[in-house]
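Each protein sequence line maps, in turn, to chains A and B. Heads up: the first sequence begins at 0 in numbering that gives the first Met the number 0, then just goes up one per residue. Heads up: the second sequence begins at 0 in numbering that gives the first Met the number 0, then just goes up one per residue. All C-beta atoms, glycine included, are put in the ideal place defined by N, C-alpha and C. Encoded as structure tokens, the structure appears first; notes follow it.
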Amino acid sequence: MNVLKIATAGSVDDGKSTLIGRILYDTKSLTEDKLQAIEEKSKQRGFDYLDFSLATDGLVAEREQGITIDVAHIYFSTKKTSFIIADTPGHIEYTRNMVTGASNSQASIVLVDARNGVLEQTYRHFFINNLLRVEEVVIAVNKMDLVDYSEEKFNQIKGEIAYLAEKSGYKNQNITFIPVSALHGDNVVNRSNKMDWYKGESLLDYLENIEFNKQEDSRVRFPVQSVIRPKTEKYHDYRGYAGKVYGGTLEVGDAVTVLPSDTKSIIKSIQFFDKEYQVAKQGSSVNITLEDDVNVSRGDMLVKVGEEPQVIKQLEATVCWMDKSPLQASEKYYIKHGINDAQVKVTNLSSLIRTDFSGKEQNPSKLSLNEIGEVSFKVSKPLFVDSYQENKANGAFILINPKTNNTAGVGFIK
Amino acid sequence: MNTNVLQVGALESEAIYIIREVVAQFEKPVLLFSGGKDSITLVRLAQKAFYPAKIPFPLMHIDTGHNFSETIEFRDQLVEELGVELIVRNVQDNIDAGKVKEETGKYASRNMLQTETLLDAIEEFGFDACIGGARRDEEKARAKERIFSVRDDFGQWDEKNQRPELFDMLNGRIDLGQNVRVFPISNWTELDVWSYIQKEEIEIPSIYFAHKRKTFLRDGLIWSANDEVVFRDEEEEVEERMVRFRTVGDMSCTAAVLSNATEINKVVAEIRDSTISERGARIDDKRSEAAMEKRKQQGYF
Numbered sequence: 000m001n002v003l004k005i006a007t008a009g010s011v012d013d014g015k016s017t018l019i020g021r022i023l024y025d026t027k028s029l030t031e032d033k034l035q036a037i038e039e040k041s042k043q044r045g046f047d048y049l050d051f052s053l054a055t056d057g058l059v060a061e062r063e064q065g066i067t068i069d070v071a072h073i074y075f076s077t078k079k080t081s082f083i084i085a086d087t088p089g090h091i092e093y094t095r096n097m098v099t100g101a102s103n104s105q106a107s108i109v110l111v112d113a114r115n116g117v118l119e120q121t122y123r124h125f126f127i128n129n130l131l132r133v134e135e136v137v138i139a140v141n142k143m144d145l146v147d148y149s150e151e152k153f154n155q156i157k158g159e160i161a162y163l164a165e166k167s168g169y170k171n172q173n174i175t176f177i178p179v180s181a182l183h184g185d186n187v188v189n190r191s192n193k194m195d196w197y198k199g200e201s202l203l204d205y206l207e208n209i210e211f212n213k214q215e216d217s218r219v220r221f222p223v224q225s226v227i228r229p230k231t232e233k234y235h236d237y238r239g240y241a242g243k244v245y246g247g248t249l250e251v252g253d254a255v256t257v258l259p260s261d262t263k264s265i266i267k268s269i270q271f272f273d274k275e276y277q278v279a280k281q282g283s284s285v286n287i288t289l290e291d292d293v294n295v296s297r298g299d300m301l302v303k304v305g306e307e308p309q310v311i312k313q314l315e316a317t318v319c320w321m322d323k324s325p326l327q328a329s330e331k332y333y334i335k336h337g338i339n340d341a342q343v344k345v346t347n348l349s350s351l352i353r354t355d356f357s358g359k360e361q362n363p364s365k366l367s368l369n370e371i372g373e374v375s376f377k378v379s380k381p382l383f384v385d386s387y388q389e390n391k392a393n394g395a396f397i398l399i400n401p402k403t404n405n406t407a408g409v410g411f412i413k
Numbered sequence: 000m001n002t003n004v005l006q007v008g009a010l011e012s013e014a015i016y017i018i019r020e021v022v023a024q025f026e027k028p029v030l031l032f033s034g035g036k037d038s039i040t041l042v043r044l045a046q047k048a049f050y051p052a053k054i055p056f057p058l059m060h061i062d063t064g065h066n067f068s069e070t071i072e073f074r075d076q077l078v079e080e081l082g083v084e085l086i087v088r089n090v091q092d093n094i095d096a097g098k099v100k101e102e103t104g105k106y107a108s109r110n111m112l113q114t115e116t117l118l119d120a121i122e123e124f125g126f127d128a129c130i131g132g133a134r135r136d137e138e139k140a141r142a143k144e145r146i147f148s149v150r151d152d153f154g155q156w157d158e159k160n161q162r163p164e165l166f167d168m169l170n171g172r173i174d175l176g177q178n179v180r181v182f183p184i185s186n187w188t189e190l191d192v193w194s195y196i197q198k199e200e201i202e203i204p205s206i207y208f209a210h211k212r213k214t215f216l217r218d219g220l221i222w223s224a225n226d227e228v229v230f231r232d233e234e235e236e237v238e239e240r241m242v243r244f245r246t247v248g249d250m251s252c253t254a255a256v257l258s259n260a261t262e263i264n265k266v267v268a269e270i271r272d273s274t275i276s277e278r279g280a281r282i283d284d285k286r287s288e289a290a291m292e293k294r295k296q297q298g299y300f
């Protein structure tokens with residue numbers, strides 16, 4: 000079965016939790032005991048409808064304050080697809096959570112309240128989806144029931160987003176607009192009969208029909224996670240390279256370059272558990288053996304000959320900062336690029352990018368929590384990178400604060 | 000020549016990747032093994048991650064002493080087949096030593112007491128990473144759990160200060176005294192686990208299949224009648240019923256469901272059509288709305 004990871008962002012006011020609760024309800028994904036708990040709670044709070052947000056807001060603090068403070072994961076499936084929703088809050092102080100949610104998603108739902116139209120928050124959601132190059136973005140215009148299911152209102156919002164899309168740096172994004180009412184279930188799972196003017200699919204139909212694995216034809220990258228050496232009679236000289244295939248396919252007989260040593264060899268076998276295969280497709284965690292006895296260890300990378308990535312000791316990247324202590328020039332951090340570890344020093348902080356598409360601020364003194372900027376680094380050892388645009392997995396990295404070990408930021412290589 | 004094209008499923012591939020990262024990033028990992036279907040699934044994934052080498056870490060069972068005997072027999076057999084080390088630490092030892100106090104009465108359970116034994120064992124062996132079979136779909140507090148979840152010396156989970164996890168990059172850097180709980184099947188649902196067991200033909204303890212058992216009813220749930228372990232009022236009458244278990248925890252807090260599913264295909268079909276959640280049969284979660292979150296803050300699995 001296909002697995003589709005979706006990010007949602009928005010505030011309680013947009014009806015995001017209600018939308019997710021509605022999807023769960025209409026796809027019959029809420030079990031009786033969960034539904035019963037929601038019914039009781041709703042009654043207890045004096046609501047005359049089912050408060051579906053109770054299905055998603057998990058932590059005690061969230062239920063107390065009626066807000067969502069972290070990334071919550073919600074699961075449901077239809078006959079065709081397993082869905083994983085990474086649900087994040089929409090306020091500016093949660094930018095880092097939105098970025099986190101979007102980093103793991105193939106599609107994103109941006110909620111807009113039909114009454115309020117496009118707000119600062121909408122700009123931010125849209126901007127993050129652009130920055131992370133999320134391929135499929137749905138603009139769900141919610142609360143259509145409160146604007147008399149007005150086509151005019153819907154088109155107005157559509158126009159505003161289209162204007163933003165023109166300013167964005169990522170032109171291949173597929174943007175789809177769907178008018179919904181989460182509270183009443185219009186166009187969420189089932190097509191609404193209140194908006195004849197809308198000819199498109201319901202939200203769920205749209206999500207079910209998304210194409211998978213589009214990045215299949217980019218250049219393949221195989222970072223070696225570990226070397227498998229059984230040291231048994233049967234597998235005496237066995238050296239298997241364990242890792243996950245990113246961005247393309249690997250085939251037995253492929254000529255490969257091992258980085259950083261730059262030695263060449265040929266793929267002898269592709270194994271997964273006790274079976275051998277001719278071809279491994281992208282996303283597969285496999286075990287590879289080479290024809291020659293070359294020196295390969297964790298952090299090395301196998302690529303096809305002629306498709307080598309850049310080998311760099313200077314990094315230029317767009318960074319989203321996630322730590323309380325700000326990023327500043329000449330600070331040092333640990334960097335994790337895929338599974339490869341090194342250290343970096345900030346050499347220049349050239350700009351702060353505003354998330355409302357209003358441009359950049361040149362030469363800021365620091366990058367604070369939830370801010371996004373353009374940063375240059377010096378790296379302690381060569382990294383094998385692609386631009387984020389060419390290969391998402393090999394074009395992103397995280398920064399770790401050496402004092403706290405916390406994940407302090409994420410970077411997208413230019 | 001082999002012409003097969005391999006596409007490892009997204010969830011399986013993700014789990015194997017995570018388990019490999021644990022071994023690469025930590026000095027002393029351990030797999031927390033309960034004998035339940037989730038930890039059995041983890042064992043299969045660990046096998047796949049390192050094949051043809053053996054699983055490079057031990058399994059550890061925190062035994063409440065109230066486990067179903069079928070689970071223990073199964074555990075010992077599996078460990079022997081795999082040739083891996085099994086560590087067992089008993090909740091009973093802590094009770095005998097007076098370190099923890101056992102609950103008494105109608106809803107008494109040793110489930111909470113496991114935490115203390117687990118933390119002791121982590122310290123005793125110096126484990127820096129504990130791989131567990133928790134899933135985000137199980138429960139609301141777990142929905143916010145990270146794949147690498149950092150715990151302090153007291154095993155505490157600080158839910159408001161969790162590390163963001165971006166793409167599949169896992170930050171396993173910790174200070175001395177800290178350890179990490181790792182959840183490779185975070186993104187699996189109950190049905191995913193059952194479908195995997197079906198597809199891989201993985202053996203599981205017999206109590207997961209429908210069987211005749213002496214049971215009694217309480218609060219609309221079916222309890223296993225075992226007077227040594229489970230407190231029962233005299234008016235709670237014992238009756239033989241055809242049941243299976245959906246989750247296998249401590250006998251005192253795991254309810255059975257009526258079922259005729261005697262083999263895996265029937266179980267999967269039942270789960271698919273089920274209208275009650277898996278943890279709906281876990282009595283310990285019903286104590287309060289925040290039951291799981293509280294236990295997690297104190298260092299529970």
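Enumerate in chain order the residues of its own chain whose CB-to-CB distance from residue i is below 8 angstroms, with the five nearest sequence positions on each side excluded.
i, result
"N129 of chain A", "S167, G168, Y169 and Q172"
"Q105 of chain A", "L3, K4, I5, V133, E134, E135, I209 and F211"
Can you find a CB in chain A that lies within less than 8 angstroms of the CB of residue i?
i, result
"E20 of chain B", "yes"
"M168 of chain B", "yes"
"A9 of chain B", "yes"
"Y50 of chain B", "yes"
"P349 of chain B", "This structure cannot settle anything about residue 349 of chain B, because the visible part of chain B is limited to 0 through 300."
"I15 of chain B", "yes"
"S258 of chain B", "no"
"R217 of chain B", "no"
"K143 of chain B", "yes"
"K47 of chain B", "yes"
"D136 of chain B", "yes"
Which chain B residues are close to residue i, counting only those with a beta carbon under 8 angstroms from its beta carbon?
i, result
"Y276 of chain A", "N1, N3, V4 and L5"
"S260 of chain A", "Correct list: empty, because the minimum Cβ distance to chain B is about 19 angstroms."
"F224 of chain A", "According to the sequence displayed, residue 224 of chain A carries Gln and not Phe. Correct list: Y16, R19, E20 and A23."
"A392 of chain A", "F166 and D167"
In the DSSP assignment, what are the bridge partners of residue i?
i, result
"H336 of chain A", "A:N339"
"Y276 of chain A", "A:I269"
"S350 of chain A", "A:Q361 and A:E373"
"F176 of chain A", "A:I138"
"M250 of chain B", "Paired residues: none, contrary to the question."
Is the CB of residue i under 8 angstroms away from at least one CB in chain B?
i, result
"Q43 of chain A", "no"
"H90 of chain A", "no"
"S284 of chain A", "yes"
"V384 of chain A", "no"
"S102 of chain A", "yes"
Could you pull out every residue in the same chain whose Cβ sits closer than 7 angstroms to the Cβ of residue i, ignoring the five residues on either side in sequence?
i, result
"H336 of chain A", "L382, V384 and F396"
"R114 of chain A", "K142, L145 and V146"
"N170 of chain B", "F147 and R162"
Excluding sequence positions up to five away, which residues of its chain have a Cβ less than 6 angstroms from the Cβ of residue i?
i, result
"L29 of chain A", "L23"
"Y276 of chain A", "I269"
"Q361 of chain A", "S350"
"V59 of chain A", "Per-residue confidence for V59 of chain A stands at a pLDDT of 47, beneath the threshold of 50, marking its modelled position as unreliable; the derived number appears in the next sentence. Same-chain partners within the cutoff: there are none."
Given that residue i touches chain A, what residues does it touch there, using C-beta distances under 7 angstroms?
i, result
"D174 of chain B", "N404"
Along chain A, in chain order, which residues have C-beta atoms closer than 9 angstroms to that of residue i?
i, result
"D152 of chain B", "Those do not exist, as D152 of chain B stays about 15 angstroms from chain A at its closest Cβ, beyond 9 angstroms."
Name the chain A residues that come within less than 8 angstroms of residue i, Cβ to Cβ?
i, result
"S12 of chain B", "K243, G282, S283 and S284"
"T114 of chain B", "What T114 of chain B touches in chain A: nothing, since even the nearest Cβ is about 19 angstroms away."
Anything in chain B within Cβ reach of residue i, meaning under 7 angstroms, just list it in chain order.
i, result
"M321 of chain A", "P163"
"K335 of chain A", "M168 and N170"
Open item on the list: If contact is defined by three or more beta carbon pairs under 8 angstroms, each pair taking one atom from either stretch, is the segment 202-215 of chain B in contact with the segment 44-54 of chain B?
Closed with: no
Open item on the list: Would you call the segment 255-269 of chain B in contact with the segment 183-202 of chain B, where contact means no fewer than 3 C-beta pairs closer than 8 angstroms?
Closed with: yes
Open item on the list: Count Cβ pairs between the segment 257-265 of chain A and the segment 184-203 of chain A that sit closer than 8 angstroms; are there 3 or more?
Closed with: no
Open item on the list: Could you check whether the segment 152-159 of chain B touches the segment 52-60 of chain B, counting it as contact only if at least three pairs of C-beta atoms, one from each stretch, sit closer than 8 angstroms?
Closed with: no
Open item on the list: Would the segment 19-26 of chain B count as touching the segment 122-129 of chain B if we require 3 or more Cβ pairs under 8 angstroms?
Closed with: yes
Task: Stretch pair the segment 177-196 of chain B + the segment 141-153 of chain B: three plus CB contacts closer than 8 angstroms - done: yes
- [ ] Indicate whether the contact test is met: 3 or more Cβ pairs, each with one atom in the segment 364-377 of chain A and one in the segment 321-331 of chain A, closer than 8 angstroms.
- [x] yes
TODO: Answer yes if the segment 233-242 of chain B comes into contact with the segment 112-125 of chain B, meaning at least three C-beta pairs across the two stretches below 8 angstroms, and no otherwise.
DONE: no
- [ ] Indicate whether the contact test is met: 3 or more Cβ pairs, each with one atom in the segment 281-289 of chain A and one in the segment 228-247 of chain A, closer than 8 angstroms.
- [x] yes
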